[in-house]
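Heads up, the thing below is written out as structure tokens.
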Amino acid sequence: MKIKISIWGGKRQGDAFELPLVEARSNSSFFILEDESIEISFSSDIYYDKISLLLYENEVEPTIIENHNDLWTYKWQPKRLGRFSHECFFHNYYGVAELMLEAQIKDQIKLFNFQPIEVLAKKINAERVEKMLSFLAGIDSEALCSFFRVTRRKAGYKHGDTPAEILLEQIENTTEKTSTLVKKIITRPITKLSTREKYVYPDNSTNVDDLTLSWLCNNADELFETDYIDNAVLEHNNNLYGARKLIEYQATEDSDVYENQVLHGFINTLIQTTSTLLSGFESPERKVYKVNGTPSGYVSFFSQIQKFQKSINERKILKCKSILVNLHSIKRLMTEKIPSKKNIVGIPTFTMKAKKDSLYLSVFKKIVDWYRFGSPDWSVQEELLSIQSIPKLFEYYSLFYIKVVLEKKYISKSTIEPTSESLSFSFNLKKDLKLNLFYEPKYWMAKHPMADLRGLVNTEGWTIYNGKVSKRSSSGRFSNRSPDFVIKISDTFDNEKFIILDAKYTYSDKAFIHYLPDLTLKYLHGLHSISNAQNKIAGLMILNPDEESQVRDFHNSAFDVFSETPAMPFLLCASVAPGDEFIGNNRFEHTLMKILDLTLEQFKKSHEDIYSLRAIRA
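Going left to right, the sequence shown walks through residues 147 to 764 as the working numbering numbers them.
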């Protein structure tokens, strides 16, 4: 089974190729230029009641269905633009496209996954990608790690114990504090008294005790007669005897004890873990999908990803090397001052000696804390470096851009909270108000088993397919609406307001002309509270990239969000320029802050009404 791609317009007009199923494991690699118009076709001897082409979240119906000699052909043809050109299916798309077909016969649905195809971008999109990646690279690592941990877990990925980025910070902190403690420990270490044997040439200061005499009895050949008492070590039968050499037993402090063996083992563990991290940052394992050759004037997504990989890891590599220098210095110092023949790793036993010594006790506690972190999890690294499409990258960029704007406005760092079908960044506002920034929440139809009847539900009753109107199913896997981002503001009186935001990687006019009316129907009219018919959605804002930052309000200046009489719910399209955060994107940032203020004013009015009602009842 294959799908055929025919190029209708562009540099390679007239060319065609076929994409096999993923399981066919073809070694061939294919690419599409973002400004090429194409036709996609699929032939089968089976007639499907419904068939759709799926590209991530996009679902496209066929434009033509033909039958020749009992062979059904489904075609997805581009829209005509003027007399001589057609719409580009992959316009403003960049990266790996994973095409799927969803085919339905009665109640049976089949999914066909085809070999990925790379979409090459023009220079302007390549520059945007670089700026968005740079922005994400500067995001607080803990927030980024938490986000990707939750998203990967929700997607069914297995994850390790501690993200590598967080583990590196922990190693740095642990090394710094352990180094300080060890330098103090070696001035008065825990030791044991032991007897040490030493060969000496006897003189007047030599200590001859019972152990020495016992040794001489077994080594009598070392004795010789002497006439000089100063040379004698013993007298027997009135004869003086000297010794060529003898063993002297000395009591000495020995550092080879359990407590120091634990210290040596811990330093070795830190060295091994840091070396592992260094290797991972220098040579991350990732599958790279490449085309053979890139046409002039176009850029491969993966060339930029690899560049980004180097830049995002450069600081971490230097940090690993610096930590290793410090750890090896500590190891040499310990080997010299408190040598040990054995290294003990793992969680230590708190001996009485360790408990009574505050320095050892502090190190032992740090060792216990360390083992709670576990092994490195490379999921964040993998997630960032495996982004395969520019729409998904713009989505991540927009999410964290909004998050940073909220943190600046409310001078508050958010905390991440996983929910049943989403995740949110939570902010505690003043006056018992709480704000949550949700990422991809799902709002199901009321009769769906997954519906949360305490919040919003999808109230749409109809759907359109192939130009025909039919009732919308309330039990299928598509019986929901999932905006990219939702800001929810709630209070202690169970009042709730929602702001819908959606990221569209498209040009400004299309965002306003096409997506604004489409999403207005889906979100402003298609989402409601089941307990309250009144719409709780304050408004909708669409984000798209552009070199020139601008905000288009659906309402005229007398009723826009900055007027004295703003029309609610608001309808906005905001263009943002990646790389101009908090510089050239002031209009977007100010508008976002304004709609938050307008939404909060509604809460103030609700509170006044509640207090007035209470006063009347009293």
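Using N, Cα and C, we set each Cβ at its ideal position, and we do this for glycine too. It should be emphasised that the depicted structure is a prediction, and the values quoted were computed from it without experimental measurement.
Residue of the options minimising C-alpha distance to residue i
{"i": "L581", "options": "K656, K488, I548", "result": "I548"}
{"i": "K750", "options": "F584, K643, E182", "result": "K643"}
{"i": "E735", "options": "T745, V697, F716, E710", "result": "V697"}
{"i": "T321", "options": "K499, N472, T481", "result": "N472"}
{"i": "I476", "options": "A243, D706, E233, V328", "result": "V328"}
{"i": "I513", "options": "S280, T415, R334, M687", "result": "T415"}
{"i": "G730", "options": "M739, D706, D699, E693", "result": "E693"}
{"i": "T711", "options": "K588, L744, Q407", "result": "L744"}
{"i": "L579", "options": "E205, K634, A704", "result": "K634"}
{"i": "N459", "options": "I493, L424, L583, F540", "result": "L424"}
{"i": "K487", "options": "I413, Q407, E273", "result": "Q407"}
{"i": "A765", "options": "D253, S721, S703", "result": "The question about residue 765 has no answer here: the residues shown for the chain are numbered 147 through 764."}
{"i": "A723", "options": "E185, E553, E276, C234", "result": "E276"}
Residue i versus residue j: straight-line alpha-carbon distance, rounded
{"i": "R760", "j": "Q748", "result": "Interpretation of R760 is limited by its pLDDT of 48, a score under 50 that renders its predicted location unreliable; the figure taken from the coordinates is listed afterwards. Cα to Cα, the separation comes out at about 18 Å."}
{"i": "F230", "j": "S152", "result": "17 Å"}
{"i": "Y542", "j": "R478", "result": "46 Å"}
{"i": "S198", "j": "G601", "result": "31 Å"}
{"i": "S429", "j": "L673", "result": "47 Å"}
{"i": "S340", "j": "D400", "result": "6 Å"}
{"i": "A162", "j": "A657", "result": "31 Å"}
{"i": "H305", "j": "G613", "result": "Unreliable positioning characterises H305 in this predicted model, as indicated by a pLDDT of 45, which lies under 50. The coordinate reading is nonetheless provided below. Going from the Cα of H305 to the Cα of G613 covers about 44 Å."}
{"i": "G607", "j": "I210", "result": "27 Å"}
{"i": "L167", "j": "F258", "result": "7 Å"}
{"i": "Y404", "j": "K465", "result": "31 Å"}
{"i": "G228", "j": "F177", "result": "26 Å"}
{"i": "I490", "j": "V509", "result": "14 Å"}
{"i": "K501", "j": "T737", "result": "59 Å"}
{"i": "T219", "j": "L200", "result": "17 Å"}
{"i": "L165", "j": "H232", "result": "22 Å"}
{"i": "L313", "j": "T419", "result": "9 Å"}
{"i": "K650", "j": "D630", "result": "9 Å"}
{"i": "I688", "j": "S654", "result": "10 Å"}
{"i": "I255", "j": "P663", "result": "30 Å"}
{"i": "C719", "j": "K740", "result": "14 Å"}
{"i": "V632", "j": "A283", "result": "24 Å"}
{"i": "Y517", "j": "M498", "result": "22 Å"}
{"i": "G156", "j": "I149", "result": "20 Å"}
{"i": "W99", "j": "T609", "result": "Because the chain spans 147 through 764 in this model, residue 99 falls outside it and cannot be assessed."}
{"i": "S616", "j": "I645", "result": "29 Å"}
Residue(s) in a DSSP beta bridge with residue i
{"i": "I255", "result": "Q250"}
{"i": "A389", "result": "L369"}
{"i": "Y585", "result": "L569, F631"}
{"i": "P691", "result": "V722"}
{"i": "I332", "result": "Partner(s): none; I332 has no beta bridge."}
{"i": "D699", "result": "L718"}
{"i": "N213", "result": "W218"}
{"i": "W590", "result": "N626"}
{"i": "F260", "result": "L167"}
{"i": "E381", "result": "L386"}
{"i": "T320", "result": "Looking at the DSSP assignment, T320 forms no beta bridge with any residue, so it has no partner."}
{"i": "G685", "result": "I645, F716"}
{"i": "E205", "result": "L200"}
{"i": "V242", "result": "E264"}
{"i": "I226", "result": "In the sequence as displayed, the identity of residue 226 is Arg instead of Ile. For R226, which the question treats as bridged, DSSP gives the partners H232."}
{"i": "K338", "result": "D400"}
Cβ separation of residue i and residue j, assumed to be a contact under 8 Å, to the nearest whole Å
{"i": "I557", "j": "I332", "result": "Not really, about 45 Å apart at Cβ, beyond 8 Å."}
{"i": "L362", "j": "D373", "result": "The Cβ separation is near 19 Å, so there is no contact."}
{"i": "K268", "j": "D181", "result": "7 Å"}
{"i": "S560", "j": "Y585", "result": "At roughly 12 Å, the Cβ-Cβ gap does not stay under 8 Å, so S560 and Y585 are not in contact."}
{"i": "F427", "j": "K462", "result": "5 Å"}
{"i": "H767", "j": "S621", "result": "As shown, the chain starts at 147 and ends at 764. That puts residue 767 outside it, with no answer to give."}
{"i": "L742", "j": "L717", "result": "Contact flag wrong, Cβ pair sits at about 16 Å."}
{"i": "I683", "j": "V603", "result": "Between V603 and I683 the Cβ distance is about 12 Å, and since that is not below 8 Å, they are no contact."}
Residue i beta carbon near the ligand MN (any heavy atom closer than 7 Å)
{"i": "T209", "result": "Among the components of this structure there are no ligands whatsoever, and the ligand MN is therefore not found."}
Whole runs of the alpha helix (DSSP H) within the segment 592-675, excluding any shorter than 4 residues: 662-665
Residue ranges of each alpha helix (DSSP H) run of no fewer than 4 residues wholly in the segment 150-190, ordered along the chain? none
Every unbroken beta strand (DSSP E) within the segment 392-424, with a cutoff of 3 residues, ordered by chain: 392-400
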